[in-house]
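*Asks:* Chains as they are written, first to last, in this note's numbering: chain A, 1 to 252; chain B, 1001 to 1247. C-beta atoms are modelled at their ideal positions from N, C-alpha and C, and glycine is treated no differently. As the structure is a prediction and not an experimental result, all values here were calculated from the model. Sending over a structure as structure tokens; questions will come in a sec.
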Amino acid sequence: MIVDAHVFLGSCLFGYGQSIDEILSRMNRLGIDRAVLAPVKPRDYHLGPMNDLVAECVARHPARFMGLCRVDPWQGRAAIAEVRRGFEELGHCGLYLDPWEENFQANDDIVVPLLEETRRYGRPVVVNAGHVRVSHPTQIWDLARRFPDVSLVACNGGQINICGMLLSETRRMLEACPNVSIETAGTYREDFLEEIITEVGEERVLFASGSPVYDQEFEMARVRLAHLTESQKAQVWSANALSVFGVPTGTG
Amino acid sequence: MIIDSHTHVDRVGWYDPPETIIRLMDEAGIDTSIIMTYGEAPDVEGSIEYIAEAVNKYPDRLIGYARMHPGRGLTAHRLFEKAMEEYGFKGLKLHPVGNLCHPAEPETLDMIQLATRYNAPVLFHCGDEELTLPLQVAQAAEACPNATIILGHMGGYFHWKDAIRVADRYPNIALDTSALPYPRAIKEAVGRIGSARVLYASDGPGCDPRIEVHKVRLAGLALEDEDAVFHRSIQAILDRVSVGGDG
Chain A
1 MIVDAHVFLG SCLFGYGQSI DEILSRMNRL GIDRAVLAPV KPRDYHLGPM NDLVAECVAR
61 HPARFMGLCR VDPWQGRAAI AEVRRGFEEL GHCGLYLDPW EENFQANDDI VVPLLEETRR
121 YGRPVVVNAG HVRVSHPTQI WDLARRFPDV SLVACNGGQI NICGMLLSET RRMLEACPNV
181 SIETAGTYRE DFLEEIITEV GEERVLFASG SPVYDQEFEM ARVRLAHLTE SQKAQVWSAN
241 ALSVFGVPTG TG
Chain B
1001 MIIDSHTHVD RVGWYDPPET IIRLMDEAGI DTSIIMTYGE APDVEGSIEY IAEAVNKYPD
1061 RLIGYARMHP GRGLTAHRLF EKAMEEYGFK GLKLHPVGNL CHPAEPETLD MIQLATRYNA
1121 PVLFHCGDEE LTLPLQVAQA AEACPNATII LGHMGGYFHW KDAIRVADRY PNIALDTSAL
1181 PYPRAIKEAV GRIGSARVLY ASDGPGCDPR IEVHKVRLAG LALEDEDAVF HRSIQAILDR
1241 VSVGGDG
């Protein structure tokens, strides 16, 4: 089984986007069984309707999709209310925070009430990580140690640096924070993924494409061609995502 | 036929002996790789000799570039000349994050001009970090119009459009495909500047050459362009290297 732990849905303010039909068609072609949908930031900046759209798509295809609730921490109480609505009314399986596109630091105090609210529901938080000024691995680390009982998933392998200067920092973060896992999408250096899986823990890495920011077919190659055992790959392909996000109710 | 334009071997820091890249080349079906160290000569003693020994051990598989610190003046120049003339190296690697030298400051330009005496290409690390941005490396390309400047990683995660833009502006700039995660960027680069200045590269062994090959194939290039990216374009650059020093 293959679960893509991170696929964007909708037409984004920043020029990228895809419809649910495009996502399904490509998943079928590539043999991806399920995906976790994250809303894009739309042209009108309103995330609420995007959370509705994700919920509608999950309801239409419950065996194929799970959905994340996206909020902007700068919206304060309205963001907290949206988290509550996402979990109670829309059935979202986790929270998505994008410090890069919503322009906040991942460990800022404005994030705290959102994590507290998410913790009440026992849901995970996916963070667009690795952006040096807003979601550096040390900022993810700082957030994670303040919420050791919240499962955090760091996108982009936790680091975006084509020099390799953040590889050791991200490993230190993962070793210090057992509640953090990383997505494979866009990760610099496949040997970093192999190292984390074999030396830190095979439960710490989730296959994710980050499509359409990244190319879903190309991102699959990072796992398919990795120097890992079949058992380790099975963890990365699906078991870890199912553990973090829970098995969707529609699978029977 | 595939030539990998950008790989690493070293014995200090990240330990990657030549056997590591040879194994990955065999897995990926790569014929030849250009190798360079992570450390810089002359600061890392013996780094030039380490590359020379690796090439000597695998003469049909490996080609050497000298990674130099341009701030080390004549000592660096003499060592680079030795690498080119005695050891048969084919190019210069510069990593401004490692040496903190701006791509267009006088010491760097002197180093580039020295490489250009041999018609040897100059491969810059070119990503999202200060001193390595495409618009910064392009200043060196403008100052040294006879030099062949290769933008390794073609601008990284966030600056690949700048990389294509400056390659369009300066005909002495080429782009290497290593590590950036976007097949579409390769397609766009070939469409805008042509395949003669786009070079397959992996940045292996950290980045798996098989996956990097797969990325180029996913770009959906015409077969003739794909062939150029995989080997003909870098081969043309290497064929121009003149060890006689009369380039």
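#1: Would you decide whether residue 251 of chain A is buried or exposed? Buried here means 16 or more other CB atoms lie within 10 Å of its CB.
#2: Given residue 177 of chain A, which residues of its chain have a CB within under 7 Å of its CB, disregarding the five upstream and five downstream residues?
#3: Could you list which residues in chain A have their beta carbon closer than 8 Å to that of residue 1214 of chain B, in chain order?
#4: Could you name the residues of chain A that residue 1125 of chain B contacts, counting a contact when the two beta carbons are closer than 9 Å?
#5: Can you tell me whether residue 151 of chain A is buried or exposed? The criterion is at least 16 other CB atoms within 10 Å of its CB, across all chains shown.
#6: Could you tell me the alpha carbon to alpha carbon distance between residue 237 of chain A and residue 192 of chain A, rounded to whole angstroms?
#7: Listing by chain order, which chain A residues have their CB less than 7 Å from the CB of residue 1207 of chain B?
#8: Can you give the Cα-Cα distance for residue 218 of chain A and residue 34 of chain A, rounded to whole angstroms?
#9: Using the DSSP secondary-structure output, state which residues sit across from residue 153 of chain A in a beta bridge.
#10: According to DSSP, simplified to helix, strand and coil, what is residue 1175 of chain B?
#11: What would DSSP say about residue 1239 of chain B, mapped onto helix, strand or coil?
#12: Sort out for me which residues DSSP pairs residue 34 of chain A with in a bridge.
#13: So is residue 247 of chain A buried or exposed if we call it buried at 16+ other beta carbons inside 10 Å?
#14: For a test of the three-state rule: what should DSSP assign to residue 70 of chain A, helix, strand or coil?
#15: Beta-carbon within less than 7 Å of residue 1245 of chain B's beta-carbon, same chain only, minus the 5 sequence neighbours each way: which residues are those?
#16: Report the residues of the region 1136-1148 of chain B with a CB closer than 7 Å to any CB of chain A, ordered along the chain.
#17: I want to verify the contact list: residues of chain B whose CB lies under 9 Å from the CB of residue 215 of chain A, in sequence order.
#18: Closest to residue 38 of chain A by CA distance: which of A:137, A:232, A:239 and A:213 is it?
#19: Pull up the distance between the alpha-carbon of residue 232 of chain A and that of residue 198 of chain A, whole angstroms please.
#20: Roughly how far, in whole angstroms, is the beta-carbon of residue 1004 of chain B from the beta-carbon of residue 1196 of chain B, given that I think they are within contact range, below 8 Å?
#21: Using 8 Å as the Cβ pair cut-off and three pairs as the minimum, do the region 1065-1077 of chain B and the region 1218-1235 of chain B touch?
#22: Using a C-beta to C-beta distance shorter than 7 Å, which residues of chain A count as neighbours of residue 1097 of chain B?
#23: Taking residue 67 of chain A as the query, report the chain B residues whose CB atoms sit under 8 Å from its CB, ordered along the chain.
#24: Short check: CB of residue 244 of chain A to CB of residue 99 of chain A, under 9 Å?
#25: Quick one: list the residues of chain B neighbouring residue 186 of chain A, beta-carbon separation under 8 Å, in chain order.
#26: Since residue 1067 of chain B is in the beta strand (DSSP E), which residue starts that stretch and which ends it?
#27: Less than 6 Å between C-beta atoms, sequence neighbours within five positions excluded: which residues of the same chain meet that for residue 121 of chain A?
#28: Beta carbon of residue 1234 of chain B, beta carbon of residue 1034 of chain B: below 9 Å?
#29: What is the DSSP secondary structure of residue 242 of chain A, counted as helix, strand or coil?
#30: Measure the beta-carbon distance from residue 111 of chain A to residue 97 of chain A and round it to whole angstroms, keeping in mind my assumption that it falls under 8 Å.
#31: Under the rule that 16 or more other beta-carbon atoms within 10 Å means buried, what is residue 16 of chain A, buried or exposed?
#32: Mind listing, in chain order, the continuous beta strand (DSSP E) runs of no fewer than 3 residues lying wholly within the region 208-241 of chain A?
#33: So with CB distances below 9 Å, who are the chain A contacts of residue 1008 of chain B?
#34: Using DSSP bridges, identify the partner residues of residue 1093 of chain B.
#35: From the beta carbon of residue 1153 of chain B, is the nearest beta carbon of chain A less than 9 Å away?
#36: Could you compute how far the alpha carbon of residue 1231 of chain B sits from the alpha carbon of residue 109 of chain A?
*Replies:* With the given structure in hand:
#1: As a working note, residue 251 of chain A is residue 251 in the first sequence. Summary for residue 251 of chain A: the model assigns pLDDT 41, below 50, so the residue's position carries little reliability; its value from the coordinates is reported in the next sentence. It counts as exposed.
#2: Your numbering for residue 177 of chain A matches position 177 in the first sequence. If we look at residue 177 of chain A and ignore the five residues flanking it on each side, its Cβ neighbours are 141, 144 and 145.
#3: As a first step, residue 1214 of chain B must be located in the second sequence, where it is residue number 214. The contacting residues are 218, 221 and 225.
#4: Numbered from its first residue, the second sequence carries residue 1125 of chain B at position 125. Near residue 1125 of chain B (Cβ distances below 9 Å), the residues of chain A are 162 and 163.
#5: Indexing the first sequence from 1 puts residue 151 of chain A at position 151. By the neighbour-count definition (other C-beta atoms within 10 Å, threshold 16), residue 151 of chain A is a buried residue.
#6: Working through the first sequence from its first residue, we reach residue 237 of chain A at position 237. Working through the first sequence from its first residue, we reach residue 192 of chain A at position 192. The alpha-carbon atoms of residue 237 of chain A and residue 192 of chain A are separated by roughly 17 Å.
#7: Translated into the one-based positions of the second sequence, residue 1207 of chain B becomes position 207. By Cβ distance, chain A contributes 189 and 190.
#8: Counting from 1 along the first sequence, the entry for residue 218 of chain A is found at position 218. Counting from 1 along the first sequence, the entry for residue 34 of chain A is found at position 34. Between the C-alpha atoms of residue 218 of chain A and residue 34 of chain A there is a straight-line separation of about 17 Å.
#9: Taking the first residue of the first sequence as position 1, residue 153 of chain A is located at position 153. Answer is A:126 and A:181, bridged to residue 153 of chain A.
#10: One-based indexing of the second sequence puts residue 1175 of chain B at position 175. Annotated three-state conformation of residue 1175 of chain B is strand, per DSSP.
#11: Here residue 1239 of chain B refers to the residue found at position 239 of the second sequence. Judged by DSSP in its simplified three-state form, residue 1239 of chain B adopts helix.
#12: The residue you call residue 34 of chain A lines up with position 34 of the first sequence. According to DSSP, which records beta bridges pairwise, residue 34 of chain A is partnered with A:3.
#13: Residue 247 of chain A sits at position 247 when you count from the first residue of the first sequence. The residue in question, residue 247 of chain A, is exposed, as its Cβ has fewer than 16 Cβ neighbours within 10 Å.
#14: Against the first sequence, residue 70 of chain A aligns to sequence position 70. Three-state result, residue 70 of chain A: strand.
#15: Sequence index remark: in the second sequence, residue 1245 of chain B carries index 245 (1-based). Reliability of the predicted coordinates at residue 1245 of chain B is poor, the pLDDT of 46 falling under 50, and the value obtained from them is presented with this limitation in mind. Only residues of its own chain outside the window of five on either side were considered, and among them 1117 and 1118 have a CB closer than 7 Å to the CB of residue 1245 of chain B, listed in chain order.
#16: Under the 7 Å Cβ criterion, the region 1136-1148 of chain B contributes no residue.
#17: Start at 1 with the first residue of the first sequence, and residue 215 of chain A comes out as number 215. 1181, 1182, 1183, 1184, 1215 and 1218, listed in chain order.
#18: Translated into positions along the first sequence, residue 38 of chain A becomes position 38. Ranked by Cα distance from residue 38 of chain A, the first of A:137, A:232, A:239 and A:213 is A:213.
#19: For the purposes of this step, residue 232 of chain A is identified with residue 232 of the first sequence, where counting begins at 1. For the purposes of this step, residue 198 of chain A is identified with residue 198 of the first sequence, where counting begins at 1. One C-alpha to the other measures close to 8 Å.
#20: Looking up residue 1004 of chain B in the second sequence gives position 4. Looking up residue 1196 of chain B in the second sequence gives position 196. The pair is not a contact, with the Cβ atoms about 18 Å apart (cut-off 8 Å).
#21: The region 1065-1077 of chain B, when compared against the region 1218-1235 of chain B, does not touch it at the 8 Å Cβ threshold.
#22: As a working note, residue 1097 of chain B is residue 97 in the second sequence. The contacting residues are 163.
#23: For the purposes of this step, residue 67 of chain A is taken as the residue at position 67 of the first sequence. At a beta-carbon threshold of 8 Å, none of the residues of chain B lie near residue 67 of chain A; the nearest stands roughly 25 Å away.
#24: Counted from its first residue, the first sequence places residue 244 of chain A at position 244. Counted from its first residue, the first sequence places residue 99 of chain A at position 99. Not closer than 9 Å, so no.
#25: By 1-based counting over the first sequence, the position of residue 186 of chain A is 186. What residue 186 of chain A touches in chain B: 1157 and 1181.
#26: By 1-based counting over the second sequence, the position of residue 1067 of chain B is 67. Taken as a continuous stretch (DSSP letters only), the beta strand (DSSP E) holding residue 1067 of chain B covers 1062-1067.
#27: Here residue 121 of chain A refers to the residue found at position 121 of the first sequence. Cβ neighbours of residue 121 of chain A beyond the five flanking positions: 87.
#28: Here residue 1234 of chain B refers to the residue found at position 234 when the second sequence is read from its first residue. Here residue 1034 of chain B refers to the residue found at position 34 when the second sequence is read from its first residue. Going by C-beta atoms, residue 1234 of chain B is nearer than 9 Å to residue 1034 of chain B.
#29: Within the first sequence, residue 242 of chain A is the residue found at index 242, counting from 1. Three-state DSSP puts residue 242 of chain A in a helix.
#30: Translated into the one-based positions of the first sequence, residue 111 of chain A becomes position 111. Translated into the one-based positions of the first sequence, residue 97 of chain A becomes position 97. Contact holds; Cβ gap of about 7 Å.
#31: As a first step, residue 16 of chain A is located in the first sequence; it is residue number 16 there, counting from the start. A residue is called buried once 16 or more other Cβ atoms fall within 10 Å of its Cβ, and residue 16 of chain A, having fewer, is exposed.
#32: The qualifying runs do not exist here; there are none.
#33: What you label residue 1008 of chain B is simply residue 8 of the second sequence in a count that begins at 1. Those within 9 Å of residue 1008 of chain B in chain A number zero; the least Cβ separation is about 10 Å.
#34: Translated into the one-based positions of the second sequence, residue 1093 of chain B becomes position 93. Partner(s): B:1067 and B:1123.
#35: For the purposes of this step, residue 1153 of chain B is taken as residue 153 along the second sequence, with counting starting at 1. Yes - at least one Cβ of chain A is within 9 Å of the one on residue 1153 of chain B.
#36: For the purposes of this step, residue 1231 of chain B is taken as the residue at position 231 of the second sequence. For the purposes of this step, residue 109 of chain A is taken as the residue at position 109 of the first sequence. Going by C-alpha positions, residue 1231 of chain B is about 52 Å away from residue 109 of chain A.
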